[in-house]
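What follows is one structure encoded as structure tokens, with my remarks underneath.
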Amino acid sequence: MSATTLHSSSVVIDDLTFAWPDGSPVLRHLRAAFSAGRTGLIGANGSGKSTLLRLIAHELTPSSGSITTSGSVGYLPQQLTLRTGTTLAELLGVRRQLDALRAIEAGDVAQRHFDELGDGWDVEARARAELGRIGLAGVDLDRVVGTLSGGETVLAALAGLRLADTAIVLLDEPTNNLDRQARHRLYDAISSWRGTLVVVSHDVTLLELMDETAELRSSGLSIYGGGYSAYREQVALEQQAAEQALRTAEQGLRTEQRQRVAAETALARRRRYARTDFENKRRPKIIMNQRKGEAQVSAGRLRGQLDAKVDQARRAVDERAELVRRDQRIRVDLPDPGVPAARHLAELHDGRGVIVVRGPERVAITGRNGIGKTRLVETLADPARAVGRTVHAVPRTDRVGYLPQVTDHLADHVSVLDTVRAAAPGVPPGDIRAALARFLLGADAVSRPVGSLSGGERFRVALARLLLASPPHQLLVLDEPTNDLDLDTRAQLVDALNDYHGGLVVVSHDDEFLAQLGIDTWVRLDDAGLTLSEPVRDR
-11 MSATTLHSSS
-1 VVIDDLTFAW
9 PDGSPVLRHL
19 RAAFSAGRTG
29 LIGANGSGKS
39 TLLRLIAHEL
49 TPSSGSITTS
59 GSVGYLPQQL
69 TLRTGTTLAE
79 LLGVRRQLDA
89 LRAIEAGDVA
99 QRHFDELGDG
109 WDVEARARAE
119 LGRIGLAGVD
129 LDRVVGTLSG
139 GETVLAALAG
149 LRLADTAIVL
159 LDEPTNNLDR
169 QARHRLYDAI
179 SSWRGTLVVV
189 SHDVTLLELM
199 DETAELRSSG
209 LSIYGGGYSA
219 YREQVALEQQ
229 AAEQALRTAE
239 QGLRTEQRQR
249 VAAETALARR
259 RRYARTDFEN
269 KRRPKIIMNQ
279 RKGEAQVSAG
289 RLRGQLDAKV
299 DQARRAVDER
309 AELVRRDQRI
319 RVDLPDPGVP
329 AARHLAELHD
339 GRGVIVVRGP
349 ERVAITGRNG
359 IGKTRLVETL
369 ADPARAVGRT
379 VHAVPRTDRV
389 GYLPQVTDHL
399 ADHVSVLDTV
409 RAAAPGVPPG
419 DIRAALARFL
429 LGADAVSRPV
439 GSLSGGERFR
449 VALARLLLAS
459 PPHQLLVLDE
469 PTNDLDLDTR
479 AQLVDALNDY
489 HGGLVVVSHD
499 DEFLAQLGID
509 TWVRLDDAGL
519 TLSEPVRDR
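Taking the numbering used here, the leading residue of the sequence shown gets -11, the next gets one more, and so forth.
Here is the structure:
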């Protein structure tokens, strides 16, 4: 990293190492710099992305190394823990200036009001303008956070950071749990962001807006130019070069090993000839012993040289192998649920009409947060919930599998194997173990209790329980399945679902995810009820 780059960087990370108080390591010897512009920070769940943001925000202290920031730092964590009575003006950071302005306008000319207000005579106008930019025009600044939606709260907090002209802004999964409308407002705000912005996200649409993409892996922190697609292209080129370098190194190792074998063969032949000469007494004994000693020294030296070359070639292979990614993907042959194309699997009712889900149809349900999408799909898994509801769903098969937003429906004390066997009681345990291995749940994981798993492992258990059910489900119902999934697990989910041949009903605000599933029917839920709509990516 050049001195010029360091000087122009807003965040400089120098040999950063961090471990929790119990000694658990999180980050090791990171070196990187974030400059002005938008940077997407990606990596597997558990890789330390959120921890790195907290370190940059100075909420945590490095175990060793340093982080240098130039300018003020603003940080929005995944969950904004605000008191419900906090006002919008407080969230924007203008409460005290606004109160001073109002006091002066009411005729109170105390000096403390002027000191508090400073040059901020236009504070209310600027606050309202910033709210307008994020789609909250006309919202009262005295309104309390408890009356805002989660998406509105995140957007307002973001507006406050921009209003304060915060130099460095850190966002941790800002689109989690935002509906599509709120997501697009946030995309618009980020597209025009000034200053340094570092965003942890698994939202591909958001990541495409970035100027740079930083990937956090166990091997370190690497920064690539461009958004997510550009990152993928660069990684693919890197991997092609790394795999070619590995093949070359492996060929070099084989060559050195062959030469080592050939040399050992030649030495053995030389020893055999020398032994024949000795036995036949062709030369004086003293000369024969002298030559034997010289040959042993020469052979030892040659072996040492050849062994050193083999070791060097083996180290080259190991070094090249470390650069080749071995990212695993779910690979599983799912049983065919045998759903005829005309088979009625479910009906969606709204009091005005009925939408029928047939055969291996893929249906996406969209709509703003709070409109009732979860309540709708819950009635497919539990028809008793439909009682008294205008908008509800009716299953027309008893083979419905449901994956809720969170995986707390899994019993923490039950082992992975027993959790999945409960959904497939007639399948031999050995077959379940083999299938779980294809869900990246190996022998060391299947006997562990579910409560001891990481978030990604727990999700794969829930997915395996759903997809390996026997008899197989004819209809799968998924509620916001990509919330809190890292990009690798998200890709694994897409792979698994694309191998499923039954009906699918999915609630999601993730346009990219829905596009990858090949949705056939789009249904929008709003205050009027259910409406067949065009694909959201085309709107």
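Ideal Cβ positions, reconstructed from N, Cα and C, are used throughout, including at glycine.
DSSP puts residue i in a beta bridge; with which residues?
| i | result |
| --- | --- |
| W510 | A352 and S521 |
| Y390 | V465 |
| H17 | None, per the DSSP bridge assignment. |
| R26 | L185 |
| E445 | In the DSSP output, where bridge partners are listed per residue, E445 has none listed. |
| Y63 | L158 |
| Y212 | T201 |
| E104 | Beta-bridge pairing links E104 to no other residue. |
| G491 | L463 |
| V0 | A21 and T56 |
| T5 | S52 |
| R42 | Answer by DSSP bridge pairing: none, since R42 is not bridged. |
Looking at residue i: is its Cβ nearer than 8 Å to the Cβ of residue j?
| i | j | result |
| --- | --- | --- |
| L492 | V351 | yes |
| S385 | L463 | Correcting the residue type first, residue 385 is Thr in the shown sequence and not Ser. Cβ atoms of T385 and L463: closer than 8 Å. |
| P371 | V382 | yes |
| T39 | I156 | no |
| L79 | V133 | yes |
| V82 | L151 | yes |
| T407 | F447 | no |
| R248 | V305 | no |
| V188 | D160 | yes |
| E203 | G376 | no |
| P50 | F6 | yes |
| L567 | A94 | There is simply no residue 567 to check, as the chain begins at -11 and stops at 527 in what is shown. |
| G11 | S442 | no |
| G208 | R173 | no |
| V495 | D472 | no |
| G358 | S137 | yes |
| Y175 | L194 | yes |
| Y219 | L322 | no |
| L294 | A256 | no |
For residue i, which option in the options has the closest C-alpha, if you only look at C-alpha atoms?
| i | options | result |
| --- | --- | --- |
| L502 | D515, G517, A516 and N486 | N486 |
| G341 | T519, V(-1), Q66 and T74 | T519 |
| Y216 | G53, V394, L29 and G360 | L29 |
| T533 | R121, F427 and V0 | Absent from the model: residue 533. The displayed extent of the chain is -11 to 527, so no value can be given. |
| S440 | H461, V404, I420 and L466 | V404 |
| Q504 | P523, L513 and R182 | P523 |
| A237 | D472, A301, V97 and G389 | A301 |
| G490 | V511, W510, T470 and P459 | P459 |
| R182 | T27, Q245, L241 and N165 | T27 |
| Q245 | A296, R436, I353 and V223 | A296 |
Please classify residue i as buried or exposed, where buried requires at least 16 other C-beta atoms within 10 Å of its C-beta.
| i | result |
| --- | --- |
| R453 | buried |
| D3 | exposed |
| I507 | buried |
| G355 | buried |
| L475 | buried |
| T(-8) | Note that T(-8) scores 40 on pLDDT, short of 50, meaning its location in the model is unreliable; the coordinates nonetheless yield the value given after this. It is exposed - the Cβ of T(-8) has fewer than 16 other Cβ atoms within 10 Å. |
| Q480 | buried |
| F22 | buried |
| Q85 | buried |
| T477 | buried |
| V285 | Confidence at V285 is low in this model, with a pLDDT of 49, below 50, so the placement of that residue should be treated as unreliable; the coordinate-derived value is given next. Looking at its Cβ environment, which holds fewer than 16 other Cβ atoms inside 10 Å, V285 is exposed. |
| T378 | exposed |
| W8 | exposed |
| S(-2) | buried |
Since residue i and residue j should fall inside the 8 Å C-beta cutoff, what is the C-beta to C-beta distance between them, to a whole number of angstroms?
| i | j | result |
| --- | --- | --- |
| L197 | I44 | That belief does not hold up - the Cβ atoms of L197 and I44 are roughly 20 Å apart, past 8 Å. |
| L68 | A145 | 6 Å |
| G25 | D199 | 4 Å |
| R308 | A233 | 5 Å |
| H497 | D167 | 5 Å |
| R387 | H461 | 5 Å |
| T163 | D128 | The pair is not a contact, with the Cβ atoms about 26 Å apart (cut-off 8 Å). |
| L398 | A450 | 6 Å |
| A412 | A457 | 6 Å |
| T75 | D130 | 6 Å |
| G347 | P328 | 6 Å |
| L364 | L513 | 7 Å |
| E445 | A431 | Wrong, their Cβ atoms sit about 14 Å apart, outside the cutoff. |
| R121 | A177 | 7 Å |
| V465 | G389 | 7 Å |
| D400 | V438 | 6 Å |
Would you say residue i touches the ligand FAD, meaning its beta carbon is less than 7 Å from a heavy atom?
| i | result |
| --- | --- |
| Q462 | As for the ligand FAD, it is missing from this structure, which has no ligand bound. |
Determine, for residue i, whether the minimum Cβ-Cβ distance to residues of chain D falls below 8 Å.
| i | result |
| --- | --- |
| L473 | Among the protein chains of the structure shown there is no chain D, as only one such chain exists. |
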